[in-house]
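Note sheet for the following structure.
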Amino acid sequence: MTNGDTITAPPSPEQRLLEAARVFSACRGHGELFAALGRLLPGFCRGRSWQLWLRDQLTGDWRPADGSAANLQQAAEPLSTLVKAVADSGEPRDAPEAPASCNYWLPLPGVAEIIGVLGVECGAPADPEVVTSLALLSELLGNTLELMLLLEQLQKQNITDDLTGLYNARHFRELVDYELERARRYGNDLSLVFLDLDFFKKVNDAHGHLVGSRLLTEVGHFIMQHTRRVNLACRYGGDEFVLLLPSTSKSGALTMAEILRLDLRSQRFEAGAPTPITITASFGVASYPDDARSARDLIHLADEAMYRVKASGRDGVAGS
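For the sequence shown, our numbering gives the first residue as 2, with consecutive numbering after it.
The following block contains the structure:
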């Protein structure tokens with residue numbers, strides 16, 4: 002490379018790795034990290050195609066990471082077999098016949114296990130110097146990803162309820178303030194639904210607190226599965242739950258609560274009991290701007306509506 006009369010040598014492999022370390026350390030999430038990887042890879046190998054696969058933390062399956070460059074619709078199945086083989090062996094592999102133009106695959110080592118597999122497009126056979134640089138880059142990428150995953154787990158523990166996996170009450174209060182401000186700014190509705198399990202104490206009395214705790218866990222999973230992804234579900238305390246519904250009118254929230262009530266009462270929960278348990282809940286609904294203008298009033302009115310249902314026989318829905 003020339004600059005006037007000065008000839009500038011291209012960066013050495015060591016310089017490229019130092020730059021990658023600097024860039025990776027500044028990334029604030031997976032999206033930024035994957036974008037940075039896409040920019041940096043052409044400096045390490047001739048091609049521009051790449052694939053990054055990560056292990057699903059829940060199932061253990063290998064899945065393409067969001068942000069990988071190529072279209073995986075037709076290549077996913079054969080690639081998953083290759084990825085698993087590389088991860089199991091812990092060794093890089095030439096794969097000239099692999100789909101998606103990626104002919105060289107490397108494991109991303111963590112402290113205790115392989116946490117990812119990177120596929121890149123490079124010369125065939127791969128140049129030994131390129132292979133060495135890619136191995137060091139994959140190690141750097143693996144360390145960065147593992148640290149990100151650890152920080153995400155710590156953050157999740159701080160905002161979620163251990164028993165149900167839903168958001169905890171402290172984080173719920175932050176969410177209400179945030180979503181209410183968004184609703185004000187964009188002129189949207191915001192609805193809040195309180196639900197309290199009916200006669201939950203009878204479950205504890207009949208089956209013991211361990212079964213009661215398992216029932217709360219299963220109810221939490223049920224709520225998570227039966228609400229839209231944009232809705233926010235929290236365990237408020239004890240056997241009380243709350244749903245925050247952005248861009249949902251009061252009538253829409255009442256309809257949603259009624260559907261959830263009917264689904265809940267027809268559900269059979271195992272909970273480690275001798276026979277499946279059925280349970281109902283009382284629901285209270287309040288909305289911004291129809292009922293309340295502040296987070297405090299929104300919470301109070303929904304809670305008050307829920308207790309009216311309790312007082313009138315339980316297993317119902319009421320609006321403020």
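Where a beta carbon is used, it is the ideal one built from N, C-alpha and C, also for glycine. All values reported here derive from a predicted model rather than from experimental measurement.
Residue i in three-state terms, based on DSSP
i      : result
Asp190 : coil
Ala99  : coil
Glu305 : helix
Thr60  : coil
Arg315 : coil
Val112 : coil
Gln75  : With a pLDDT of only 46 at Gln75, under the threshold of 50, the placement of this residue in the model should not be trusted; the figure read from the coordinates follows. Of the three classes helix, strand and coil, the one that applies to Gln75 here is coil, per DSSP.
Gln52  : strand
Ala70  : Summary for Ala70: the model assigns pLDDT 46, below 50, so the residue's position carries little reliability; its value from the coordinates is reported in the next sentence. It is coil, neither helix nor strand.
Leu152 : helix
Ala293 : coil
Asp128 : coil
Asp178 : helix
Arg215 : helix
Val220 : helix
Ile280 : coil
Arg94  : strand
Through-space distance from residue j to residue i, alpha-carbon basis
i      : j      : result
Cys46  : Leu135 : 8 angstroms
Lys251 : Arg309 : 17 angstroms
Asp298 : Asp291 : 11 angstroms
Gly317 : Asp57  : 39 angstroms
Pro97  : Gly188 : 55 angstroms
Gly30  : Met149 : 7 angstroms
Asp240 : Thr218 : 10 angstroms
Lys203 : Ile280 : 10 angstroms
Lys323 : Thr249 : Lying outside 2 to 321, the shown extent of the chain, residue 323 is not represented and no answer is given.
Ala71  : Trp51  : Confidence in Ala71 is poor, its pLDDT being 46 and thus under 50, which makes the residue's placement too unreliable to answer from.
Gly285 : Leu38  : 48 angstroms
Thr61  : Ala319 : For the record, residue 61 in the displayed sequence is Gly; it is not Thr. Whole-angstrom Cα-Cα distance: 43 angstroms.
Ala170 : Ile224 : 16 angstroms
Ile260 : Gly48  : 53 angstroms
Leu83  : Val112 : 22 angstroms
Gly238 : Glu175 : 16 angstroms
Ala254 : Leu191 : 9 angstroms
Lys157 : Tyr168 : 9 angstroms
Glu114 : Arg266 : 44 angstroms
Thr133 : Glu15  : 11 angstroms
Glu271 : Asp206 : 17 angstroms
Pro129 : Leu211 : 59 angstroms
Integer Cβ distance of residue i from residue j, believed to fall under 8 angstroms
i      : j      : result
Ala282 : Val194 : Contact doesn't hold; Cβ gap of about 10 angstroms is too wide.
His227 : Asp264 : 6 angstroms
Leu18  : Leu137 : 6 angstroms
Leu196 : Met307 : 7 angstroms
Asp162 : Arg94  : Actually they do not touch by this definition, with Cβ atoms about 42 angstroms apart.
Which listed residue (the options) has its alpha carbon closest to that of residue i
i      : options                        : result
Val131 : Leu107, Asn169, Ile278, Val112 : Leu107
Glu20  : Ala312, Leu142, Phe201, Leu59  : Leu142
Arg215 : Val243, Ile278, Asp197         : Ile278
Ala99  : Ala113, Val121, Ile116         : Val121
Arg269 : Ala312, Val220, Glu33          : Val220
Tyr289 : Glu92, Glu147, Ala37, Val177   : Val177
Leu233 : Lys202, Phe173, Arg262, Pro275 : Phe173
Val231 : Ser90, Leu245, Glu241          : Leu245
Asp88  : Leu42, Ser139, Pro43           : The identity of residue 88 in the sequence shown is Ala, whereas the question assumes Asp. The option with the nearest alpha carbon to Ala88 is Ser139.
Gly213 : Pro275, Thr256, Glu175, Val243 : Pro275
Glu180 : Ala296, Asn104, Ile115         : Ala296
Gly91  : Pro110, Tyr105, Asn104         : Pro110
Pro247 : Thr133, Arg229, Leu155         : Arg229
His208 : Phe242, Gly32, Lys157, Gly273  : Gly273
Ala22  : Arg183, Leu41, Gln158          : Leu41
Ser13  : Gly44, Val24, Cys28            : Gly44
Chain B contact for residue i (CB, 9 angstroms cutoff)
i      : result
Ala234 : Reference to chain B is not applicable here, since this structure consists of a single protein chain.
Neighbourhood of residue i by C-beta, 6 angstroms cutoff - its chain only, sequence neighbours within 5 removed
i      : result
Gly314 : none
Pro55  : Note on residue identity: the sequence assigns Leu, not Pro, to residue 55. Closer than 6 angstroms at the Cβ level, and outside the excluded window around Leu55, lie Ala66, Gly117.
Lys311 : Ser283
Ser321 : Ala287, Asp292, Leu302, Ala306
Arg185 : none
Phe201 : Asp240
Beta-carbon contacts of residue i that lie in its chain and below 7 angstroms, excluding the five residues immediately before and after
i      : result
Ala293 : Ala287, Leu299, Leu302
Ser81  : Trp63
Ile160 : Tyr168, Asn169, His172
Residues near residue i by beta carbon distance below 8 angstroms, same chain, minus five either side
i      : result
Ser26  : Thr145
His222 : Thr165, Gly166
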